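The structure under discussion appears below in the form of structure tokens.
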Amino acid sequence: MTTNSKHKVVYLPLEQVHSEHCALIVEKGLTQVKGIESPKVELNNERVAISIADPEIIGQAVKKVRDLGYDVPTVKQTFPVLGMTCASCAGSAESIVSFEEGVVEASVNFATGNLTVEYLPTLTNAVQLQKAVQGAGYDLLLVDETKQQESLEVIHAEKFKQLKRKTFGAVILSIPVVIIGMFFMDMPYGNEIMWLFSTPVLLYFGKDFFVNAWKQTKNRSANMDTLVALSTGIAYIFSVFNMLFADFWARRGLEAHVYFEAAAVIIAFILLGKLLEEKAKGNTSSAIKKLMGLQPKTVLVIQADGTEKQIPIEEVEVGAVLLVKPGEKIAVDGMVLTGNSYVDESMLSGEPVPVLKKEGEKVFAGTINQKGSFQFEAVKVGKETMLAQIIRMVQDAQGSKAPVQKLVDKIAGIFVPVVIGIAILTFVLWFLLGGEHGVVQGLLAAVTVLVIACPCALGLATPTAIMVGVGKGAEHGILIKDAESLELAKNVSAIVLDKTGTITEGRPQVTGMKWLEDNDERKEVLLSIEKQSEHPLAEAVVAYFKTEEQTTITAFDSITGKGAKADYQGETYYVGNRKLLQEHQITIANSLQEQAVQWGADSKTVVWFADSKQALAVIAISDQIKQTSVQAIQELQAMGIQLYMLTGDNEATAQAIAKQTGIQHYKAEVLPQDKADFVKELQQQGKVVAMVGDGINDSTALATADVSIAMGKGSDIAMDVAKMTIISSDLTKIPQAIRLSKQTVSTIKQNLFWAFIYNLIGIPIAAGILYSVNGFLLNPMIAGAAMALSSVSVVSNSLRLKWKKIEM
Numbered sequence: 001m002t003t004n005s006k007h008k009v010v011y012l013p014l015e016q017v018h019s020e021h022c023a024l025i026v027e028k029g030l031t032q033v034k035g036i037e038s039p040k041v042e043l044n045n046e047r048v049a050i051s052i053a054d055p056e057i058i059g060q061a062v063k064k065v066r067d068l069g070y071d072v073p074t075v076k077q078t079f080p081v082l083g084m085t086c087a088s089c090a091g092s093a094e095s096i097v098s099f100e101e102g103v104v105e106a107s108v109n110f111a112t113g114n115l116t117v118e119y120l121p122t123l124t125n126a127v128q129l130q131k132a133v134q135g136a137g138y139d140l141l142l143v144d145e146t147k148q149q150e151s152l153e154v155i156h157a158e159k160f161k162q163l164k165r166k167t168f169g170a171v172i173l174s175i176p177v178v179i180i181g182m183f184f185m186d187m188p189y190g191n192e193i194m195w196l197f198s199t200p201v202l203l204y205f206g207k208d209f210f211v212n213a214w215k216q217t218k219n220r221s222a223n224m225d226t227l228v229a230l231s232t233g234i235a236y237i238f239s240v241f242n243m244l245f246a247d248f249w250a251r252r253g254l255e256a257h258v259y260f261e262a263a264a265v266i267i268a269f270i271l272l273g274k275l276l277e278e279k280a281k282g283n284t285s286s287a288i289k290k291l292m293g294l295q296p297k298t299v300l301v302i303q304a305d306g307t308e309k310q311i312p313i314e315e316v317e318v319g320a321v322l323l324v325k326p327g328e329k330i331a332v333d334g335m336v337l338t339g340n341s342y343v344d345e346s347m348l349s350g351e352p353v354p355v356l357k358k359e360g361e362k363v364f365a366g367t368i369n370q371k372g373s374f375q376f377e378a379v380k381v382g383k384e385t386m387l388a389q390i391i392r393m394v395q396d397a398q399g400s401k402a403p404v405q406k407l408v409d410k411i412a413g414i415f416v417p418v419v420i421g422i423a424i425l426t427f428v429l430w431f432l433l434g435g436e437h438g439v440v441q442g443l444l445a446a447v448t449v450l451v452i453a454c455p456c457a458l459g460l461a462t463p464t465a466i467m468v469g470v471g472k473g474a475e476h477g478i479l480i481k482d483a484e485s486l487e488l489a490k491n492v493s494a495i496v497l498d499k500t501g502t503i504t505e506g507r508p509q510v511t512g513m514k515w516l517e518d519n520d521e522r523k524e525v526l527l528s529i530e531k532q533s534e535h536p537l538a539e540a541v542v543a544y545f546k547t548e549e550q551t552t553i554t555a556f557d558s559i560t561g562k563g564a565k566a567d568y569q570g571e572t573y574y575v576g577n578r579k580l581l582q583e584h585q586i587t588i589a590n591s592l593q594e595q596a597v598q599w600g601a602d603s604k605t606v607v608w609f610a611d612s613k614q615a616l617a618v619i620a621i622s623d624q625i626k627q628t629s630v631q632a633i634q635e636l637q638a639m640g641i642q643l644y645m646l647t648g649d650n651e652a653t654a655q656a657i658a659k660q661t662g663i664q665h666y667k668a669e670v671l672p673q674d675k676a677d678f679v680k681e682l683q684q685q686g687k688v689v690a691m692v693g694d695g696i697n698d699s700t701a702l703a704t705a706d707v708s709i710a711m712g713k714g715s716d717i718a719m720d721v722a723k724m725t726i727i728s729s730d731l732t733k734i735p736q737a738i739r740l741s742k743q744t745v746s747t748i749k750q751n752l753f754w755a756f757i758y759n760l761i762g763i764p765i766a767a768g769i770l771y772s773v774n775g776f777l778l779n780p781m782i783a784g785a786a787m788a789l790s791s792v793s794v795v796s797n798s799l800r801l802k803w804k805k806i807e808m
């Protein structure tokens with residue numbers, strides 16, 4: 001490999017690249033990435049060597065490899081970032097991590113205080129990332145994920161306590177300074193007394209502003225601390241100079257004013273604003289705290305000798321037998337072994353009616369047992385429980401960035417340098433055009449500009465609304481994986497609905513079976529084929545026979561979207577839909593055909609059983625429409641959303657279900673890939689498409705849709721692919737999710753409007769634009785109060801989301 005002097009060779013581990021052909025595809029693809037030279041795949045080492053000049057190119061290389069259909073194994077982790085004070089800090093920390101070698105992608109969310117980073121473990125690790133962040137004046141909390149929240153709460157509690165002490169100290173010392181500065185300016189030793197009181201406010205209670213500003217300066221960056229340190233520092237130094245060298249101004253015919261009250265009160269107000277902001281931000285994450293509070297700290301384990309032992313929840317292992325008493329919370333996911341009781345699962349489903357749990361039923365961590373008691377076997381513990389996954393999904397979603405936030409982050413990143421530039425320009429203009437008082441007034445105006453500018457309001461506008469919106473969704477049984485889907489849901493113009501398990505209950509039952517000839521041996525063949533099939537309709541057939549009598553079949557093959565086939569004693573048998581029989585030119589007797597037509601008209605699903613020559617039986621399977629499906633469909637249509645039902649079922653059944661539910665557009669006998677193609681067709685028509693499904697066969701369509709929604713009682717792969725999950729599988733949650741999206745986006749827009757307007761109006765007034773009109777100059781103290789309150793108002797506006805209704 002040849003490289004120029006500025007380039008460095010790094011190695012990316014590869015997966016699924018097993019041939020020279022694959023290697024050539026990867027090499028050719030990487031040459032298209034600007035900044036990469038001479039990529040060379042080493043098949044034996046399962047890695048690719050690339051020559052780069054900029055560490056940031058590594059992320060582009062990884063994404064390119066993935067776009068080509070191969071993979072680069074990486075680690076994705078979330079770490080709390082300590083020491084951030086504003087949105088610019090988040091941008092600074094994110095930039096520092098992004099430029100670390102081996103980092104694929106990094107994102108820092110100021111509202112949650114978290115860094116989400118994906119990196120190559122062969123090139124970097126968490127400790128190296130922590131050192132990089134520490135070099136910029138921040139820190140990463142490197143503790144186990146299970147203890148992360150607990151450690152954070154301790155840190156935040158201590159931080160809040162210190163902030164409270166500093167705020168009260170600064171306010172108490174600032175009061176006499178304000179009184180003297182406003183009403184007793186000419187009292188003996190007034191300046192000296194104000195100096196005495198304001199000095200500890202700046203140098204002790206406000207020390208962090210100056211320390212952090214210096215750290216930022218060393219890293220050639222700036223944030224809100226820079227503005228505060230510059231404004232209060234200039235006001236303080238200017239006042240000390242005027243107090244000690246009053247003659248300097250007197251000889252020039254000017255009075256030597258001091259502005260200790262401005263410097264002290266600015267610090268006090270900003271500390272008070274931070275205190276209120278911390279408290280409000282704590283409230284926005286209340287959903288996470290509620291979810292975490294659902295898990296008990298200890299559990300009762302039934303030991304091998306039958307005795308009970310109380311142990312910490314962390315020590316529970318898969319296979320352990322646990323006892324749940326009346327009123328207790330269930331600790332882990334499991335299966336009931338003995339006993340029965342009603343369990344309140346409202347935290348998962350949002351439904352208030354308790355669910356009966358008996359032997360063989362699943363129970364979930366965080367749900368609450370009612371009056372009975374039972375023993376159950378632990379199936380999933382720790383991070384694997386549904387509750388833990390919900391908490392992780394909510395945390396990820398709250399920490400993710402909405403598309404609009406990316407623009408705001410760019411603005412916040414250049415905000416502080418622009419404000420400093422405006423402050424300097426303000427001073428220069430006052431100095432040149434302000435006459436005999438130009439220097440003093442220019443200095444005050446510059447200080448006021450630095451004080452009133454608030455990047456925090458901009459930085460908090462989007463994430464605080466997202467945090468509240470995602471949390472509110474979780475409380476209503478709507479799990480939202482990322483901010484983008486929450487923002488996009490309000491624009492949905494078309495919704496594609498799967499039928500089975502989405503519109504219907506998803507618990508099909510055989511309601512009729514007609515045989516051409518009654519034959520026990522063929523019934524055993526049918527049962528044997530259906531027992532090997534994973535389709536829900538197959539389960540219904542197995543349950544119908546209520547017998548274990550089966551025979552040995554060979555060459556079983558599941559035919560996607562059509563059914564299954566198998567061989568028995570030299571004959572091939574088929575179980576599936578009408579299309580499967582037509583493809584193999586199998587004849588159907590009139591008696592079976594007539595029965596199938598009748599069942600189809602009654603909205604029942606028709607399944608055929610045949611050998612290689614003729615249909616042997618027809619089976620009617622019915623799946624009840626959910627009680628809430630019709631209501632949900634009516635609500636969505638009232639919103640002006642077009643609804644489409646797709647099903648692999650026959651035309652007659654699909655038509656009957658569509659008629660009963662009021663859906664105007666439907667397609668029957670649809671294969672899994674057809675669903676994804678149909679979603680693409682709607683997108684090409686300019687529609688924003690949401691796909692709602694519950695099965696493995698829906699996963700491709702879910703991945704294709706703009707907004708993907710999975711039913712919580714469906715398959716794991718559907719929930720993995722989908723960006724939203726309805727835990728209760730109740731369709732009425734979908735219009736609720738859309739209303740929540742509208743409310744959240746509306747709140748974001750309100751927050752951004754007020755944040756921008758505040759700065760657009762405040763900064764020119766602070767610079768003195770009204771002075772030539774009515775002689776008005778903004779007092780730096782008032783500017784400090786306004787700046788503090790702007791952040792609080794944004795967070796408070798986001799909290800209003802909590803009280804808005806998303807039900808009809």
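Residue numbers for the sequence shown follow the UniProt record's numbering, so the first one is 1 and each next one is one higher. Built from N, CA and C at the ideal position, the CB exists for glycine as well. Remember, it's a predicted structure, so these values are computed and weren't measured experimentally.
If you run the structure through DSSP and keep just helix, strand and coil, what is P73? Residue numbering aside, residue 73 sits at position 73 when the sequence shown is read from its first letter. P73 falls in the coil class under three-state DSSP.
Identify which residue in L196, K159 and L163 has its Cα closest to the Cα of I175. Position 175 of the sequence shown, counting from 1, holds the residue named residue 175. It is L196 whose Cα lies nearest to the Cα of I175.
Do you know how far the Cα of P73 is from the Cα of T124? Here residue 124 refers to the residue found at position 124 when the sequence shown is read from its first residue. Here residue 73 refers to the residue found at position 73 when the sequence shown is read from its first residue. Straight-line measurement puts the Cα of P73 at about 13 Å from the Cα of T124.
Quick one: using the 10 Å Cβ neighbour count with 16 as the cut-off for buried, is G350 buried or exposed? The sequence position of residue 350 within the sequence shown is 350, counting from 1. Residue confidence is low: G350 scores 45 on pLDDT, short of 50, so the model does not pin down where it sits. No coordinate-derived value is stated.
Segment limits, beta strand (DSSP E) that includes L616: Along the sequence shown, one-based indexing puts residue 616 at 616. Residues A615 to S622.
Is DSSP giving M467 helix, strand or coil here? As a working note, residue 467 is residue 467 in the sequence shown. DSSP places M467 in helix when its eight states are reduced to three.
Rounded to whole angstroms, what is the Cα-Cα separation between I657 and M386? Translated into the one-based positions of the sequence shown, residue 657 becomes position 657. Translated into the one-based positions of the sequence shown, residue 386 becomes position 386. Spanning the two alpha carbons is a distance of roughly 32 Å.
When we look at the beta-carbon of residue 824 and count the other beta-carbons within 10 Å, is it buried (16 or more) or exposed? A question about residue 824 goes unanswered here, because the residues of the chain that appear run from 1 up to 808.
Cβ-Cβ separation, A705 to M724 (assumed contact under 8 Å), whole Å: Within the sequence shown, the letter at position 724 stands for residue 724. Within the sequence shown, the letter at position 705 stands for residue 705. Actually they do not touch by this definition, with Cβ atoms about 11 Å apart.
Output yes or no for whether 9 Å exceeds the beta carbon distance between V81 and V133. The residue you call residue 81 lines up with position 81 of the sequence shown. The residue you call residue 133 lines up with position 133 of the sequence shown. Yes, they are a contact pair.
Considering Cα atoms alone, identify which of S92, V97, T462 and F376 is closest to P55. Within the sequence shown, residue 55 is the residue found at index 55, counting from 1. Of S92, V97, T462 and F376, the residue nearest in Cα terms is V97.
Within 10 angstroms of the Cβ of P326, are there 16 or more other Cβ atoms? Answer buried if so, exposed if not. The count along the sequence shown starts at 1 and reaches residue 326 at position 326. Its Cβ having fewer than 16 others within 10 Å, P326 is exposed.
Using CA atoms only, rank isn't needed, just tell me which of K329, E328, E345 and K357 is closest to residue 813. Outside the modelled stretch of the chain, which goes from 1 to 808, sits residue 813, for which no answer is possible.
Do V75 and L120 have their C-beta atoms closer together than 9 Å? Locating residue 75 in the sequence shown gives position 75, where the first residue counts as 1. Locating residue 120 in the sequence shown gives position 120, where the first residue counts as 1. In contact: V75 and L120 (Cβ atoms closer than 9 Å).
C-beta neighbour in chain C for S746, strict 9 Å: Here there is only one protein chain, and chain C is not present.
Own chain partners of V468 with C-beta closer than 7 Å, once the 5 adjacent residues on each side are dropped: For this step, residue 468 is matched to residue 468 along the sequence shown. Correct list, in chain order: T284, S798, L799, L801 and K802.
Could you give the DSSP three-state label for E15: helix, strand or coil? Taking the first residue of the sequence shown as position 1, residue 15 is located at position 15. Strand at E15.
Residue environment, Y644, which counts as buried when at least 16 other CB atoms sit within 10 Å: Here residue 644 refers to the residue found at position 644 when the sequence shown is read from its first residue. Note on Y644: 16 or more other CB atoms within 10 angstroms of its CB, so buried under the neighbour-count rule.
Exposed unless 16 or more other CB atoms sit within 10 angstroms - verdict on R522: For the purposes of this step, residue 522 is identified with residue 522 of the sequence shown, where counting begins at 1. So R522 counts as buried.
Going straight from the alpha carbon of S729 to that of A365, what length do you get? In the sequence shown, the residue the question calls residue 729 occupies position 729. In the sequence shown, the residue the question calls residue 365 occupies position 365. If I take the Cα positions, the gap works out to 19 Å.
Can you tell me whether Q550 is helix, strand or coil according to DSSP? As a working note, residue 550 is residue 550 in the sequence shown. Residue state, collapsed to three classes: coil.
Below 8 Å on the Cβ atoms is my contact criterion, and I expect A157 with S92 to pass it. Report the Cβ-Cβ distance as a whole number of Å. Taking the first residue of the sequence shown as 1, we reach residue 157 at position 157. Taking the first residue of the sequence shown as 1, we reach residue 92 at position 92. About 26 Å separates the Cβ atoms of A157 and S92, ruling out a contact at the 8 Å cut-off.
So what's M386 in DSSP terms, helix, strand or just coil? Residue 386 sits at position 386 when you count from the first residue of the sequence shown. Note: M386 maps to helix in three-state DSSP.
If you draw a straight line from the alpha carbon of G29 to that of V104, how long is it in whole angstroms? Here residue 29 refers to the residue found at position 29 when the sequence shown is read from its first residue. Here residue 104 refers to the residue found at position 104 when the sequence shown is read from its first residue. Taking the straight line from one Cα to the other gives about 17 Å.
Which term fits H665, buried or exposed, when burial requires 16 or more other beta carbons within 10 angstroms of its beta carbon? The count along the sequence shown starts at 1 and reaches residue 665 at position 665. Classification for H665: exposed.
Contacting residues, own chain, Cβ-Cβ under 8 Å from V492 (five flanking each side not counted): To locate residue 492, count along the sequence shown from 1; it is residue 492. For V492, the CB contacts under 8 Å within the same chain, skipping 5 residues up- and downstream, are I641, V688, V689, A690, D706, V707 and I738 in chain order.
Comparing C-alpha positions only, which one of W599, I420 and L581 sits nearest to K613? Taking the sequence shown and counting its residues from 1, one reaches residue 613 at position 613. Out of W599, I420 and L581, L581 has the C-alpha closest to the C-alpha of K613.
Thinking just about the alpha-carbon of each residue, which of T367, K215, I52 and I193 is nearest to the one in G83? Taking the sequence shown and counting its residues from 1, the one referred to as residue 83 is at position 83. For the residues T367, K215, I52 and I193, the minimum Cα distance to G83 belongs to K215.
Out of M639, G473 and V363, point me to the one whose CA is closest to V324's CA. Start at 1 with the first residue of the sequence shown, and residue 324 comes out as number 324. For V324, the nearest C-alpha among the options comes from V363.
Just checking, does the region 257 to 265 make contact with the region 227 to 244 on the three C-beta pairs under 8 Å criterion? yes
Excluding the 5 residues flanking I763 on each side, which residues of the same chain have their C-beta closer than 8 Å to its C-beta? Your numbering for residue 763 matches position 763 in the sequence shown. If we look at I763 and ignore the five residues flanking it on each side, its Cβ neighbours are V419, I422, V449, I452 and A453.
Pick out whichever of K565, A722 and E583 has its Cα sitting closest to the Cα of G479. The sequence position of residue 479 within the sequence shown is 479, counting from 1. Reading off the sequence shown, one finds Leu at residue 479, where the question assumed Gly. When only C-alpha atoms are compared, the closest one is A722.
Please return the same chain residues whose Cβ sits closer than 8 Å to the Cβ of residue 822, not counting the five positions on each side in sequence. For residue 822 there is no data in the structure shown, the boundaries of the chain being 1 and 808.
On the DSSP bridge list, what partners appear for W430? The residue you call residue 430 lines up with position 430 of the sequence shown. Answer is none; W430 lacks a bridge partner.
Measuring straight from C-alpha to C-alpha, what distance separates W430 and G442? On the sequence shown, position 430 is the one that residue 430 refers to. On the sequence shown, position 442 is the one that residue 442 refers to. W430 and G442 have their C-alpha atoms roughly 5 Å apart.
Taking 7 Å as the limit between beta carbons, can you name the residues of its chain near G563, skipping five residues before and five after? The sequence position of residue 563 within the sequence shown is 563, counting from 1. So the qualifying residues of the chain are Y574, V575, G576, N577 and L580.
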